[in-house]
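Read in order, the letters of the sequence shown correspond to residues 219 to 268 in this note's numbering. From the three backbone atoms N, C-alpha and C, an ideal C-beta is built for every residue, glycine too. Here's the structure we're looking at; comments come further down.
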Amino acid sequence: MASFGLKVIRGVFRAAERVAPRLSGRAAFELFCRTPNVKALSDGERRAVE
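Okay, here's the thing in structure tokens:
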């Protein structure tokens, strides 16, 4: 079962793709497909990657 936050995000993108598909696609890409900066990792993230 999806969390409440995930349901909200899905609903927002579903509504936005009807109004402005290109803009919502670009926003989804920026939110979900960008790789994080390696230098900005927390200690726990750094241990998990190494």
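Rounded to whole angstroms, what's the CA-CA distance from Val-230 to Ser-221? Just pull it up for me. 14 angstroms
Give a yes or no on whether 8 angstroms exceeds the smallest Cβ distance from Ser-221 to chain B. Of the protein chains in this structure there is only one, and it is not chain B.
Extent of the continuous alpha helix (DSSP H) to which Ser-260 belongs: That residue, Ser-260, is in no alpha helix (DSSP H); it is neither H nor E in DSSP.
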